[in-house]
Structure formats: structure tokens, C-alpha cells
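Here is the structure we will look at.
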Amino acid sequence: MYKATFPGRFKSLAEISEFVSRAINEIGFDETTAYMILVAVDEACTNIIEHAYGGEGQGDIQCSCDVTEDLVKITLRDRGEPFDPTTVPEPDFSVPLQELNCRGAGLVLIQKIMDETNFESTPDGENVLTMIKRK
């Protein structure tokens, strides 16, 4: 298992990406799939910084990666505002791009890329996002 904690800052996104890359390279995902996993992780971490913490420098992001021969499980933990994905309306992608309300678009992106996603807010104030991608 890979595990590390990063400051909740946008400049940490590149470090988080490198950290996750090391784990997913063990499985041997094709280049496109590996890139898409990194896009999902980047979007999730950006959401933590912007929405859970309300901006940079308000807390840390803990990232762990469990690797088996056929999947990677990436878990992101933070102590920001609790998040319930059922409260975010699905964006209407049928409208012109300039009219698109982007709130929720990143969540849809993460869910489309990953095979499984699970959001949990624990009683002790921790938000836990688990994302699984199978080979």
C-alpha cells in the first residue's frame, strides 16, 4: 500500500499525481487509462481544496493506493466540510458550453472514469472518497 499526506494546495496536485502514478504503473494500465485515472484524482483533489476546505491551505489531503494484480483502489481523506454527492444535481450537458453550470460536472467525470466511487463522511469529521479502477 502506498500512503502519503499532502498540503491542500493546488501546487500539491502535481505531487499527488506523481504519487498515484507510481502505484498505477505497478498494474500496467494502458497509457490512456492511466491518464484518465490521474484526471479523476486531480479533479477529486481540486474539489477537496475548493469545496471541502473552501480554498488553499485549510487542511491536508491524505492519499492511499492499494494495488492488486487487477485493480487499484485510491482513497482520499480530508477533514473539510462534509460532502453528500446526492445533493449535487447532474449537470445538463445538452446546453451550449457557455451556458453549462459546471457544478457537478467534475463529480460526473470522476464517476464515468472510475469503475466504483464511494463517498463517506465519518462521525469523527473525516471525508473519505474511495475510487476503484479495474484493469
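Read the sequence shown against the numbering used here and you will find it ends at 1352, with the numbers running on by one and no gaps. Every residue gets a Cβ at the ideal spot worked out from N, C-alpha and C, and that includes glycine.
As the crow flies, the alpha-carbon of T1249 is around 26 Å from that of I1266. Excluding sequence positions up to five before and after A1269, its CB lies within less than 7 Å of the CB of D1295, G1297, E1298, F1300, N1344, all in the same chain and listed in chain order.
DSSP places Q1328 in the helix class (H, G or I) of the three-state scheme. Within its own chain, the residues whose Cβ lies closer than 8 Å to the Cβ of L1326, once the five positions on either side in sequence are excluded, are V1256, A1257, E1260, listed in chain order. Annotated three-state conformation of Y1270 is coil, per DSSP.
Residue state for E1298 is assigned as coil, using DSSP reduced to three classes.
In the structure shown, M1218 adopts coil according to DSSP, grouped into three states. According to the DSSP assignment, D1277 belongs to no alpha helix (DSSP H) but to the beta strand (DSSP E) extending over 1277 to 1284.
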